[in-house]
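Per our numbering, the sequence shown runs over residues 64 to 352.
Note that beta-carbon positions come from the ideal geometry of N, C-alpha and C, so glycine has one too.
A quick write-up on the structure given underneath.
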Amino acid sequence: MNRTLPYFLVLAVLAAWPVFSFAAQNAPSSELTFEEDFLSKPVPSFLSEIQINADASADVQETFSVTFSDSRHGVFRTLPFVYGSRDERIFIPIDVSSVLRDGHEEPFSISQDGGVKKIKIGNPSQTITGTHVYRIFYHVSAVVNFLSDSDEFYWNVNGNDWEWTWKAVNVTVNPPIGTSLLSANVRCYTGEAGSDANNCTSSSEGTGVTLGTAGDALTVVAQFSKGVITKPADYDALRAGAVPFATRYKNLLLGANAAVALLGFIGLFFWWLRHGRDPKSKAVTIAQY
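This is the structure we're talking about:
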């Protein structure tokens with residue numbers, strides 16, 4: 064047997080390895096990104112995933128696709144945070160943490176108009192066209208209603224203030240970790256504000272419940288037994304409209320810190336001018352030995 068044959072085989076494999084490696088790297092991936100998977104659905108829709116927490120708060124993740132036929136900077140998302148009458152208003156604090164467009168961070172700003180929080184999404188110096196997938200992440204405090212015999216999560220999933228009509232709206236409501244939610248304890252309302260129609264489907268999804276409707280605004284109501292959710296100490300204050308000082312005056316505090324730092328720098332500079340430099344000598348001193 065020729066002993067050099069194995070060496071030639073090893074050299075051949077090593078020579079061919081870059082070719083196989085290049086082909087593997089450039090082969091189409093069978094795994095879709097979140098956005099590609101979302102757009103691959105028969106009907107691109109508005110999708111909401113809600114995690115209800117044991118402290119009466121909720122974490123919400125919204126996903127929706129928008130097709131721009133002309134140049135736009137982005138979209139607006141309005142979220143009501145004040146409910147009830149003028150004499151008895153209820154505040155539901157909402158904190159938006161991030162917004163993604165096509166899987167990447169997207170600039171956004173927030174303004175308030177009456178009882179509505181308006182999220183302006185998009186780069187003011189850039190316009191886009193075509194189809195894009197947006198994802199909004201936000202935290203809602205003191206959102207659970209504590210009733211006499213049960214506790215209730217009541218939420219308008221997609222709202223009514225859109226320029227277009229959704230072909231499908233779906234929401235998955237997940238209960239506090241370690242608990243489960245039955246379909247019998249979840250109901251929906253569809254249509255315009257105040258409607259008592261319930262044209263939606265419902266199914267169990269893990270420990271939670273998924274509801275869906277076609278072309279309507281969707282509101283979800285989930286009931287919990289007493290003891291599943293705990294009323295936090297600041298619940299009543301938050302619902303009365305109290306906002307933590309650091310949150311209310313966040314920008315003012317940042318500006319004040321910057322001003323203090325600047326004044327401190329200027330003070331140190333003038334102190335150095337007066338005391339830190341060597342004094343000027345009026346005559347040349349020659350040391351003599």
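Rounded straight-line distance, which links the Cα of residue j to that of residue i
| i | j | result |
| --- | --- | --- |
| A119 | S134 | 41 Å |
| S258 | Q286 | 20 Å |
| Q124 | F131 | 22 Å |
| E255 | A117 | 30 Å |
| A296 | V145 | 20 Å |
| D224 | F139 | 9 Å |
| A121 | Q189 | 33 Å |
| I153 | G269 | 32 Å |
| D100 | G137 | 22 Å |
| T194 | N261 | 31 Å |
| A303 | E151 | 9 Å |
| Y201 | S265 | 24 Å |
| S160 | E168 | 11 Å |
| I182 | D299 | 26 Å |
| G177 | T276 | 29 Å |
| K230 | S108 | 6 Å |
| W218 | R164 | 24 Å |
| S267 | S128 | 25 Å |
| L301 | V234 | 26 Å |
| C251 | E226 | 23 Å |
| S288 | I113 | 18 Å |
| P187 | T96 | 27 Å |
| L326 | Q175 | 33 Å |
| L245 | G222 | 25 Å |
| A247 | C263 | 14 Å |
Within 8 Å, strictly: CB atoms of residue i and residue j
| i | j | result |
| --- | --- | --- |
| L102 | V196 | yes |
| V236 | I199 | no |
| V220 | V249 | no |
| V284 | L274 | no |
| T253 | L210 | no |
| G147 | P170 | no |
| T242 | G278 | no |
| I329 | P238 | no |
| T43 | L110 | The structure shown does not extend to residue 43, since the chain is modelled only from 64 to 352, so the question has no answer here. |
| R173 | K180 | Residue identity check: residue 173 is Ile in the sequence provided, not Arg. Cβ atoms of I173 and K180: closer than 8 Å. |
Whole-Å CB distance - residue i paired with residue j, under 8 Å assumed
| i | j | result |
| --- | --- | --- |
| I157 | V207 | That pair is no contact at about 14 Å. |
| E98 | G166 | 5 Å |
| I240 | A205 | About 19 Å separates the two Cβ atoms, so there is no contact after all. |
Next item on the list: Only counting runs of 3 or more residues, tell me where the beta strand (DSSP E) segments fall wholly within the region 175–203, in order along the chain.
Entry: Runs found: 179–185 and 191–203.
Next item on the list: Count the CB pairs spanning the region 287–301 and the region 210–225 that are closer than 8 Å, and state whether there are at least three.
Entry: Yes, the region 287–301 touches the region 210–225.
Notebook entry, point to check: Where are the beta strand (DSSP E) runs, 3 residues long or more, that stay fully inside the region 95–149, in chain order?
Noted result: 109–115, 121–135, 137–143 and 145–147
Item checked: Completely contained beta strand (DSSP E) runs for the region 214–269, where each covers 3 or more residues -> 214–219, 232–237, 249–253 and 264–268
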